[in-house]
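**Q** A single structure is presented below for examination.
Residue numbers (this note's numbering): 139 to 353.
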């Protein structure tokens, strides 16, 4: 079974703040973009922390309970260190991390820990929201019939909780990975189980010509 990765569902256009961004500017960013949190980065785009609505509430409670603090920046208010993920991690793994750590968003970072995207609960859940029957019809109609040009009954497609099971026999061996790859990239598919066979092995190495020895 193959699962979607964070890199495929993350939001790439990230609203972000720098460590020196004034507190009021952060509030304006959240309000303007209608989001509840954002990552805070340094000059090298590395994630320092995450600022969320709960952090803002904490600041307001501090203001009401004591003397006014000095001018605040994003670095003063953010939660740190940030809980991050890499784009090759699977959506189920990221969802479990989000649930375990009680966070609403995960900054996505590259090998150098630079920010490349953000995955929110909405991003991760989006792949699970499509009806199984819709997925089954698309796999059969768009891929089996449309792309591979096979009869609709050549491949038995069943879907349960977003997991697609493929059974039956296709014409060529090379069509098996093509079908699997196309199916699991569909919206709503969280995994693919392969039970396919094939008539012709077109992936076998060509038989080299026989050598004719000299007399």
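Cβ coordinates follow ideal geometry from the N, Cα and C atoms, glycine included.
In angstroms with no decimal places, state the Cα-to-Cα distance between residue 344 and residue 313.
**A** Within the chain shown, the letter at position 206 stands for residue 344. Within the chain shown, the letter at position 175 stands for residue 313. Reliability fails at residue 344, whose pLDDT of 49 lies under 50, so the model's placement of it is uncertain and no value is given.
**Q** Leaving aside the five residues before and after residue 335 along the sequence, list all residues of the same chain whose C-beta is less than 7 Å from its C-beta, in chain order.
**A** In the chain shown, residue 335 corresponds to position 197, counting from 1. Excluding residues within five positions, the ones whose Cβ falls inside 7 Å are 307.
**Q** Quick one: is residue 161 near chain D, going by C-beta distance under 8 Å?
**A** Looking for chain D here will not work: only one protein chain is present.
**Q** Quick check: the Cα distance between residue 267 and residue 174, rounded to an integer number of angstroms?
**A** Residue mapping note: residue 267 aligns to position 129 of the chain shown, counting from 1. Residue mapping note: residue 174 aligns to position 36 of the chain shown, counting from 1. Distance between the alpha carbons of residue 267 and residue 174 is about 22 Å.
**Q** Are the beta-carbon atoms of residue 164 and residue 253 separated by less than 8 Å?
**A** On the chain shown, position 26 is the one that residue 164 refers to. On the chain shown, position 115 is the one that residue 253 refers to. Contact flag unset, no.
**Q** Does the separation of the CB atoms of residue 217 and residue 187 fall below 8 Å?
**A** Residue mapping note: residue 217 aligns to position 79 of the chain shown, counting from 1. Residue mapping note: residue 187 aligns to position 49 of the chain shown, counting from 1. A contact, by the Cβ cut-off of 8 Å.
**Q** Label residue 299 either buried or exposed according to how many other C-beta atoms from any shown protein chain fall within 10 Å of its C-beta, with 16 as the threshold for buried.
**A** Locating residue 299 in the chain shown gives position 161, counting from the first residue. Under this definition residue 299 is an exposed residue.
**Q** Can residue 147 and residue 251 be called in contact, C-beta distance under 8 Å?
**A** Here residue 147 refers to the residue found at position 9 when the chain shown is read from its first residue. Here residue 251 refers to the residue found at position 113 when the chain shown is read from its first residue. Contact: no.
**Q** Alpha carbon to alpha carbon, how far is residue 156 from residue 332? Give it in angstroms, no decimals.
**A** The residue labelled residue 332 in the question sits at position 194 within the chain shown. The residue labelled residue 156 in the question sits at position 18 within the chain shown. About 46 Å.
**Q** With distances taken between CB atoms, is the gap from residue 222 to residue 247 smaller than 8 Å?
**A** In the chain shown, counting from the first residue as 1, residue 222 sits at position 84. In the chain shown, counting from the first residue as 1, residue 247 sits at position 109. Taking 8 Å as the Cβ cut-off, residue 222 and residue 247 qualify as a contacting pair.
**Q** Could you pull the DSSP bridge partners for residue 155 from this structure?
**A** Looking up residue 155 in the chain shown gives position 17. Partner(s): 178.
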